[in-house]
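Here is the structure we will look at.
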Amino acid sequence: MKNRPLFLLGLFLAVLTSWAGFVLGSHGQLGSLTPFFDEADGQSHPARLPGLAARGQLVYADLGCVACHTQQVRRPGFGNDQARGWGERQSVARDYIFHAQPQLGASRLGPDLMNLAGRNPQAASADDLHRLLYTGSAAHPAFPFLYETREIAGESSRHAVRLTGTTAPKAGSEVVATERAQTLVAYLLNVNTGFEFPEARPLPAKSAASPEATK
Amino acid sequence: MSHPPSQAPAAEVSPFDAPARWPLALLAGSALGWLVLSSLLALVTAIQLHTPSFLADCSALTHGRAQAARETAFLYGWAGNAGVGLGLWILGRLGGNPLRALNWAVVGTVFWNLGLLAGMVGIATGSMTGFAGLQVPRALQPVLVAAFCAMALPGVLAWAGRKREGTYAAQWYAAAALFLLPWFWTATQAVLLWSPLRGVVQTVAASWHTQSLVSLWLMPLALAAAYFIVPKQTGKLLPGYESAPLAFWTLIVAGGWTFGRHLIGGPFPAWIPTMAVVAQCLLLFHFLVVALNFRQLFAGGSLTLQYLRFGLVAYLLTGLLETITSFRGAAVHTQFTLLVPAREQLALQGALSMFLFGGLVYQFPRIFGRDWTLPTFVSGHHSLYMLGVVISVLSLSWAGLAQDALLNHSQTPFAEILAQLKTPLLLHTAGQFALLAGNLLLLFAFLRSAAASCCREEGAVALRPASSAS
Numbered sequence: 256m257k258n259r260p261l262f263l264l265g266l267f268l269a270v271l272t273s274w275a276g277f278v279l280g281s282h283g284q285l286g287s288l289t290p291f292f293d294e295a296d297g298q299s300h301p302a303r304l305p306g307l308a309a310r311g312q313l314v315y316a317d318l319g320c321v322a323c324h325t326q327q328v329r330r331p332g333f334g335n336d337q338a339r340g341w342g343e344r345q346s347v348a349r350d351y352i353f354h355a356q357p358q359l360g361a362s363r364l365g366p367d368l369m370n371l372a373g374r375n376p377q378a379a380s381a382d383d384l385h386r387l388l389y390t391g392s393a394a395h396p397a398f399p400f401l402y403e404t405r406e407i408a409g410e411s412s413r414h415a416v417r418l419t420g421t422t423a424p425k426a427g428s429e430v431v432a433t434e435r436a437q438t439l440v441a442y443l444l445n446v447n448t449g450f451e452f453p454e455a456r457p458l459p460a461k462s463a464a465s466p467e468a469t470k
Numbered sequence: 043m044s045h046p047p048s049q050a051p052a053a054e055v056s057p058f059d060a061p062a063r064w065p066l067a068l069l070a071g072s073a074l075g076w077l078v079l080s081s082l083l084a085l086v087t088a089i090q091l092h093t094p095s096f097l098a099d100c101s102a103l104t105h106g107r108a109q110a111a112r113e114t115a116f117l118y119g120w121a122g123n124a125g126v127g128l129g130l131w132i133l134g135r136l137g138g139n140p141l142r143a144l145n146w147a148v149v150g151t152v153f154w155n156l157g158l159l160a161g162m163v164g165i166a167t168g169s170m171t172g173f174a175g176l177q178v179p180r181a182l183q184p185v186l187v188a189a190f191c192a193m194a195l196p197g198v199l200a201w202a203g204r205k206r207e208g209t210y211a212a213q214w215y216a217a218a219a220l221f222l223l224p225w226f227w228t229a230t231q232a233v234l235l236w237s238p239l240r241g242v243v244q245t246v247a248a249s250w251h252t253q254s255l256v257s258l259w260l261m262p263l264a265l266a267a268a269y270f271i272v273p274k275q276t277g278k279l280l281p282g283y284e285s286a287p288l289a290f291w292t293l294i295v296a297g298g299w300t301f302g303r304h305l306i307g308g309p310f311p312a313w314i315p316t317m318a319v320v321a322q323c324l325l326l327f328h329f330l331v332v333a334l335n336f337r338q339l340f341a342g343g344s345l346t347l348q349y350l351r352f353g354l355v356a357y358l359l360t361g362l363l364e365t366i367t368s369f370r371g372a373a374v375h376t377q378f379t380l381l382v383p384a385r386e387q388l389a390l391q392g393a394l395s396m397f398l399f400g401g402l403v404y405q406f407p408r409i410f411g412r413d414w415t416l417p418t419f420v421s422g423h424h425s426l427y428m429l430g431v432v433i434s435v436l437s438l439s440w441a442g443l444a445q446d447a448l449l450n451h452s453q454t455p456f457a458e459i460l461a462q463l464k465t466p467l468l469l470h471t472a473g474q475f476a477l478l479a480g481n482l483l484l485l486f487a488f489l490r491s492a493a494a495s496c497c498r499e500e501g502a503v504a505l506r507p508a509s510s511a512s
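Residue numbers (our numbering), protein chains in the order written: chain A, 256 to 470; chain B, 43 to 512.
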């Protein structure tokens with residue numbers, strides 16, 4: 256360690272190789288992924304997020320939903336994501352190319368939020384999500400600051416949350432989703448991995464069973 | 043390396059340390075302030091785990107934001123300030139000259155802390171970046187890097203202008219940490235904030251950064267403190283010291299590669315988690331050498347050495363657990379469960395903080411020229427902190443194991459999972475409470491001792507004109 260510049264150069268090179276290898280390396284591998292054009296339905300997949308949903312991603316990020324929820328389905332056989340109905344296939348990098356900031360998450364104190372709208376049998380609806388966000392549950396905090404309670408003036412708002420029982424507002428007033436709540440819910444209903452990309456198909460179990468082998 | 047193994051040299055400050063007293067005290071004091079704030083936020087987030095409605099009405103303290111604020115206060119506020127203070131001091135001492143450019147360090151420290159404070163307000167009002175480990179709002183991040191460069195300047199100058207040709211392990215670790223952070227932080231900002239890469243590559247870059255923060259910045263500063271203090275306190279040479287360069291370079295080269303263990307099974311190239319396994323196995327050499335170097339710690343000794351001993355045990359355990367969980371067969375159980383925060387607690391509260399506490403407790407009397415005014419508070423902190431770390435690591439592991447069984451091997455609804463985890467999560471809260479109480483004790487002891495030293499100095503200054511007039 257006597258050679259002063261060499262020491263600092265060594266440090267610098269160590270970090271540079273690590274950064275270039277991992278960050279630039281994975282960018283080289285995944286950065287130029289394009290949507291997949293499916294000739295069967297004449298559409299490209301994945302679709303861009305609608306504007307409302309793209310704004311909802313910002314709300315999702317600034318509330319830190321990622322602290323308890325993931326948005327990545329693991330492959331069949333690794334964990335039991337399929338048994339929980341979170342998605343038939345694993346998430347792949349192409350699913351996220353139109354996400355301004357993918358919210359993959361690292362903790363599952365709550366359920367995974369991929370494919371919320373397309374789940375079978377319990378697909379979530381906008382109403383369910385608004386109710387959960389407004390009232391909370393035993394396992395989920397409420398976010399009342401995303402909603403405002405106000406007097407019904409004339410017709411009731413089309414963004415009013417349908418509430419019953421003790422959480423319902425008093426007669427003559429209504430709980431209305433603010434713009435932030437609307438965009439958040441639009442986002443949650445639009446994050447999906449519905450289309451099966453070629454790279455997302457599980458490898459065939461035995462190569463002998465594949466058509467090429469039997470030819 | 044000549045101090046006797048006994049306690050601090052009472053009321054004598056080397057001429058090297060006298061000018062650095064207040065800059066270093068500023069760093070240590072702000073570190074302890076952030077520590078208390080982060081443990082307060084940790085208590086809030088711990089309560090929210092078993093009672094989700096706790097403070098949920100308050101948008102600033104909703105779980106996601108409180109978590110981001112806690113992490114920022116801990117990493118950048120507490121560990122950053124404390125580590126830099128120790129690093130500068132060690133580089134000055136071993137460099138053989140008084141620290142130069144200390145004005146820069148003071149200005150840097152002020153801007154660093156103001157920037158972080160503004161960052162906390164930003165996080166509370168929803169401007170966090172959304173990348174774990176890098177949550178400070180984007181506009182403030184260049185300010186923090188610039189402030190850090192100013193803070194680190196005296197250290198780099200002391201390293202470059204050192205008197206002796208030979209160097210010590212403590213110097214390598216401290217110089218590397220101070221030198222490397224601005225490089226990799228700027229690189230991360232470029233690819234995440236200013237010209238964001240597309241899709242999941244962002245997650246790769248963010249994880250790489252978080253791992254580098256710990257492996258290339260904070261842990262080296264903590265290890266520098268240990269390498270500096272242990273031989274001085276025990277009065278003996280470190281056994282196996284000739285292998286220390288191996289430990290150093292393994293950590294610097296492979297430390298940052300280990301982030302892939304968090305990305306197993308996700309939409310990432312498979313070679314990233316595989317490289318993490320390789321890196322973790324390489325790092326076993328690092329942990330082995332560190333264990334050999336510091337084995338005298340198990341012989342017991344002063345309070346400083348007790349802090350370091352706990353830190354060492356936690357550090358070695360972390361290394362072992364991280365290696366095991368980097369394999370896919372183990373990760374399928376630990377991933378996404380509370381076992382991840384349990385290990386993080388062990389690494390950051392157990393290893394990192396304990397090394398830094400050891401450093402601060404040792405440094406304080408030597409820059410102030412007086413012993414702690416309230417030594418019982420300091421040893422109280424030691425006991426409470428140990429207790430808190432043990433309780434919260436064990437309870438989170440318990441909760442994590444139970445969660446793995448329910449989450450990954452059954453279809454139990456989430457409300458029920460949380461109900462079943464209630465007991466360990468309550469225990470975890472108790473652990474966090476102990477940590478907060480301990481940290482308050484240490485902050486109070488620090489302020490009292492610093493105030494006492496300050497009054498004495500002012501008294502001395504006030505006496506001088508009077509005596510010259512008479």
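In this text, a Cβ means the ideal position worked out from N, Cα and C, and glycines have one as well.
Check	Outcome
C-beta contact flag for V148(B) and P65(B) at 8 Å	yes
Interface residues of chain A facing W227(B) [CB-CB closer than 7 Å]	Simply none; closest approach about 11 Å.
DSSP state of Q462(B) mapped onto helix, strand, coil	helix
Boundaries of the beta strand (DSSP E) in which Y349(B) is found, first to last residue	Looking at the DSSP string, Y349(B) is not in any beta strand (DSSP E); the run it does join, the alpha helix (DSSP H), is 345 to 367.
Alpha carbon of V295(B) to alpha carbon of A194(B), nearest angstrom	22 Å
Residues, ordered as in the chain, of the region 277 to 290 of chain A that lie near chain B by beta-carbon distance below 9 Å	F277, V278, L279, G280, S281, H282, Q284, L285, G286, S287, L288
Among G401(B), L103(B), A98(B), nearest to A393(A) - alpha-carbon criterion	A98(B)
CA nearest to the CA of L478(B), picked from L429(B), A461(B), L467(B), W440(B)	L429(B)
Cut-off 8 Å between Cβ atoms - residues of its own chain near A333(B), not counting five sequence neighbours on either side	L354, L358
Check whether A217(B) and V233(B) have beta carbons under 8 Å apart	no
Pairwise C-alpha distance: L263(A) and E207(B)	15 Å
S287(A) in three-state terms, based on DSSP	coil
Cβ of P407(B) within 8 Å of any chain E Cβ	As a matter of chain content, chain E is missing from the structure shown, whose protein chains are A and B.
Environment of H451(B) [buried if 16+ CB atoms lie within 10 Å]	exposed
Members of the region 300 to 314 of chain A near chain B, C-beta cut-off 8 Å	none
Cβ contact (3+ pairs, closer than 8 Å) linking the region 270 to 279 of chain B and the region 342 to 356 of chain B	yes
Closer than 8 Å to chain B by CB, Y351(A)	yes
Closer than 8 Å to chain B by CB, R363(A)	yes
Beta-carbon proximity of A381(A) to V440(A), cut-off 8 Å	yes
Below-8 Å beta-carbon distance, V374(B) vs any chain A residue	yes
Any 3 or more C-beta pairs closer than 8 Å across the region 209 to 224 of chain B and the region 264 to 277 of chain A	yes
From A494(B), S425(B), L91(B), residue whose alpha carbon lies closest to that of R412(B)	A494(B)
Residues near A393(B) in its chain [Cβ-Cβ closer than 6 Å; skip 5 each side]	G353, A356, Y357, T360
Contacts that H395(A) makes with chain B (C-beta to C-beta distance below 7 Å)	P94
Where G340(A) falls: helix, strand or coil (DSSP)	coil
Chain-ordered neighbours of R240(B) on chain A, where CB pairs are closer than 7 Å	G286, I352
Limits of the alpha helix (DSSP H) - the one that E454(A) falls within	That residue, E454(A), is in no alpha helix (DSSP H); it is neither H nor E in DSSP.
Boundaries (first-last residue) of the beta strand (DSSP E) holding R240(B)	Neither: R240(B) is in no beta strand (DSSP E) and is coded neither H nor E.
Below-8 Å beta-carbon distance, S285(B) vs any chain A residue	no
Inter-residue spacing [alpha-carbon to alpha-carbon] between H424(B) and Q338(B)	20 Å
Integer-rounded CB distance, given that L69(B) should sit under 8 Å from V126(B)	6 Å
Closest residue to A84(B) among P184(B), F475(B), A492(B) (Cα-Cα distance)	F475(B)
Bridge partner(s) assigned by DSSP for V430(A)	T404(A)
is_contact[S346(A), chain B] using C-beta, thresh 8 Å	yes
Whole-angstrom C-beta distance between L426(B) and L483(B), which should lie under 8 Å	7 Å
Coil, strand or helix - L156(B) by DSSP	helix
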